[in-house]
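Single-structure report; data block below.
Numbering (this note's numbering), first residue to last: 44 to 163.
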């Protein structure tokens, strides 16, 4: 009986050792995968930051170009407009000051849809 007990004990010890080794290998494998994902995510984040910075730079340049274009257009317009045309414009604006004091409001899409449903 003692021999059978020793045999079972040796078997269980070997099984526990194998299970421990399998668990350790599995943990190591998962750790490698986690590190790989972490590295990939860091690279993706850096790429996103570079792309985002490029977009911000382009947007800033476009904004500056638009502002410069507006200033250039105003300068060009003022250079190309005769004084008599400016007087005519001022006169027309003075006679239409009533229109300038009106508050025009663009209805929201919800208001538009409600009015449209009322007509349908």
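Think of the CB as a built atom: it goes at the ideal place given N, C-alpha and C, for glycine as much as any other residue.
When the Cα atoms are used, what is the spatial distance from residue 102 to residue 86?
24 Å
May I ask whether a heavy atom of the ligand COA can be found less than 7 Å away from the beta carbon of residue 113?
Among the components modelled here there is no ligand, and therefore nothing to report on the ligand COA.
query: Looking at the structure shown, is residue 164 part of a helix, part of a strand, or coil, going by DSSP?
result: The shown model of the chain, from 44 to 163, leaves out residue 164, and the question about it has no answer.
**Through-space distance from residue 73 to residue 57, alpha-carbon basis** = 24 Å
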